[in-house]
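Asks: Please see the structure below; I have some questions.
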DNA sequence: AATTGTGAACCTCTTCACAGCT
DNA sequence: AGCTGTGAAGAGGTTCACAATT
């Protein structure tokens with residue numbers, strides 16, 4: 001499959017949300033121009049992004065909202081259920097367990113791991129926190145496909161090593177460092193402080 | 207000031223963390239090649255990023271770690287204290303209050319606002335949750351410079367309207383939609399679900 | 001008349017490659 | 001000899017502009 005840029009994929013996620021909202025308002029069709037306006041991009045960008053995957057619109061008329069939503073959902077794999085494991089049940093891990101957006105999109109949190117003796121055995125939202133020392137067994141048993149790393153920076157590389165050795169191929173990393181992983185493993189980084197620092201830069205240099 | 211790309215600014219944040227860690231290990235100098243290796247970029251990229259701001263290295267020798275860390279900190283404005291207000295004390299807002307990385311970088315959370323009657327008046331980490339209906343008064347009183355929006359999508363645009371009308375020029379938005387703000391206001395988006403969806407796309411299409 | 005789909009033009013960011021310092 | 005700093009080349013992403021379609 002042809003390489004599609006990260007930006008295109010991220011924008012598809014945005015369009016998907018927009019279409020979801022419009023569908024809830026019982027609107028039936030929309031133009032690339034309107035999607036663009038709502039999502040803060042250009043209409044050519046919307047059409048180009050979609051064109052990588054097919055031709056979904058009707059010239060002169062625009063796109064059918066429900067159809068386009070389903071198409072983008074399928075492209076992104078949001079028509080499936082994904083089993084997600086969270087490693088590190090601290091502030092961030094805890095917040096994610098309750099994050100409505102995840103479940104809504106088919107991301108089911110099936111496993112919580114921590115290495116803190118005081119947390120292991122406790123329950124959060126009907127899920128028992130298990131020991132990270134048995135990570136590989138649990139990841140396989142729960143058939144986890146995506147791992148969220150929410151441990152301190154000092155522990156993150158080890159966590160990455162363990163989960164990739166268990167065959168995990170997709171990682172969402174909240175630890176503020178660059179993880180080294182084997183080829184074929186996809187790591188996405190989420191670092192809330194980095195965006196704040198970009199704001200700090202902006203305020204400092206504007 | 208010449209426009210610097212977001213990617214460059216984000217990478218400077220990464221280099222900064224790397225230098226901070228190296229400094230803690232009492233290493234004194236480093237080459238662009240070594241920074242690149244740690245942060246997963248090319249050495250030319252590191253040198254180019256730095257070159258937008260000045261010449262900080264010594265040919266043949268590399269960079270002094272402490273000096274470079276201070277220089278980047280100054281570029282990013284991390285040598286100052288920033289007053290941050292969090293709007294929406296739900297799961298995410300709550301997690302941010304405790305997020306160590308923030309305080310470490312000079313981001314001081316000074317204000318918590320919510321519009322839920324059951325939360326107003328409660329204390330979280332020595333901070334009282336105030337009513338969003340008095341947002342403007344509180345933002346001014348606490349001299350807030352950066353606002354974090356951690357409310358549901360349906361409420362986010364109104365929150366953005368209120369805080370920008372109070373003169374806030376920097377917003378970190380956790381709500382999964384594109385906010386419309388007046389010119390001169392910088393909005394950075396943080397959407398944990400979008401990165402998960404990129405992983406979903408990868409797993410679906412690899 | 002309106003709006004898509006897309007090649008071509010454009011622009012921006014990244015990498016190359018090497019002269020210039022230390 | 002080793003490594004930086006940077007102009008030039010290259011790659012990749014975005015926007016333009018218009019033919020094609022409804």
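Residue numbers (my numbering), protein chains in the order written: chain A, 1 to 206; chain B, 207 to 412.
Note that CB positions come from ideal geometry on N, CA and C, so glycine has one too.
To which residues of the same chain is residue 247 of chain B closer than 7 Å at the C-beta, ignoring the five residues directly before and after it?
Replies: The answer, listed in chain order, is 217.
Asks: For residue 342 of chain B, decide whether its Cβ has a neighbour in chain A, counting only Cβ atoms nearer than 8 Å.
Replies: Residue 342 of chain B does not count as touching chain A.
Asks: For residue 267 of chain B, is the classification buried or exposed, using 16 other Cβ atoms within 10 angstroms of its Cβ as the cut-off for buried?
Replies: Looking at its Cβ environment, which holds fewer than 16 other Cβ atoms inside 10 Å, residue 267 of chain B is exposed.
Asks: Which first and last residues belong to the beta strand (DSSP E) in which residue 376 of chain B is found?
Replies: Residue 376 of chain B -> beta strand (DSSP E) spans 376-379.
Asks: Looking at the C-beta of residue 403 of chain B, does it have a partner C-beta in chain A at a distance below 8 Å?
Replies: By this cut-off, residue 403 of chain B is an interface position.
Asks: With 8 Å as the threshold, decide whether the Cβ of residue 53 of chain A is near any Cβ in chain B.
Replies: Output row for residue 53 of chain A: interface = no.
Asks: Say whether chain A places a C-beta atom closer than 8 Å to the C-beta of residue 308 of chain B.
Replies: Residue 308 of chain B counts as touching chain A.
Asks: List the DSSP bridge partners of residue 85 of chain A.
Replies: Looking at the DSSP assignment, residue 85 of chain A forms a beta bridge with A/111, A/147.
Asks: Excluding the 5 residues preceding and the 5 following residue 165 of chain B in the sequence, name in chain order all residues of the same chain whose CB lies nearer than 7 Å to its CB.
Replies: Residue 165 of chain B lies beyond the range of chain B shown here (207 to 412); nothing can be said about it.
Asks: Using three-state DSSP, classify residue 30 of chain A as helix, strand or coil.
Replies: In this structure, residue 30 of chain A counts as strand in the three-state DSSP scheme.
Asks: Determine, using beta carbons only, whether residue 389 of chain B comes closer than 8 Å to chain A.
Replies: So no, residue 389 of chain B is outside the interface.
Asks: Listing by chain order, which chain B residues have their CB less than 8 Å from the CB of residue 149 of chain A?
Replies: The premise fails here: residue 149 of chain A is roughly 12 Å from chain B at the closest Cβ pair, so nothing lies under 8 Å.
Asks: At the level of alpha carbons, what is the spacing between residue 153 of chain A and residue 177 of chain A?
Replies: Each residue's alpha carbon lies about 7 Å from the other.
Asks: Is residue 199 of chain A near residue 168 of chain A, with beta carbons less than 8 Å apart?
Replies: Going by C-beta atoms, residue 199 of chain A is not nearer than 8 Å to residue 168 of chain A.
Asks: Looking only at its own chain, which residues have a Cβ that is under 6 Å from the Cβ of residue 31 of chain A, when we skip the five neighbours before and after it?
Replies: The residues are 62.
Asks: In three-state DSSP terms, what is residue 69 of chain A?
Replies: Residue state, collapsed to three classes: helix.
Asks: Expressed to the nearest angstrom, what Euclidean distance is found between the alpha-carbon atoms of residue 285 of chain B and residue 119 of chain A?
Replies: Each residue's Cα considered, the two are about 36 Å apart.
Asks: Go ahead and label residue 379 of chain B buried or exposed: buried means 16 or more other beta carbons lie within 10 angstroms of its beta carbon, across all protein chains shown.
Replies: Looking at its Cβ environment, which holds 16 or more other Cβ atoms inside 10 Å, residue 379 of chain B is buried.
Asks: Can the beta-carbon of residue 150 of chain A be found less than 8 Å from the beta-carbon of residue 92 of chain A?
Replies: Taking 8 Å as the Cβ cut-off, residue 150 of chain A and residue 92 of chain A qualify as a contacting pair.
Asks: Got a sec, what are the start and stop residues for the beta strand (DSSP E) residue 403 of chain B sits in?
Replies: Looking at the DSSP string, residue 403 of chain B is not in any beta strand (DSSP E); the run it does join, the alpha helix (DSSP H), is 398-411.
Asks: Whole angstroms are fine: how far does the CA of residue 181 of chain A sit from the CA of residue 137 of chain A?
Replies: Roughly 20 Å separates the two Cα atoms.
Asks: Note down, in chain order, each residue of its chain lying with its Cβ closer than 7 Å to the Cβ of residue 49 of chain A, except the 5 sequence neighbours on either side.
Replies: Taken in chain order, the residues that qualify are 8, 11, 12.
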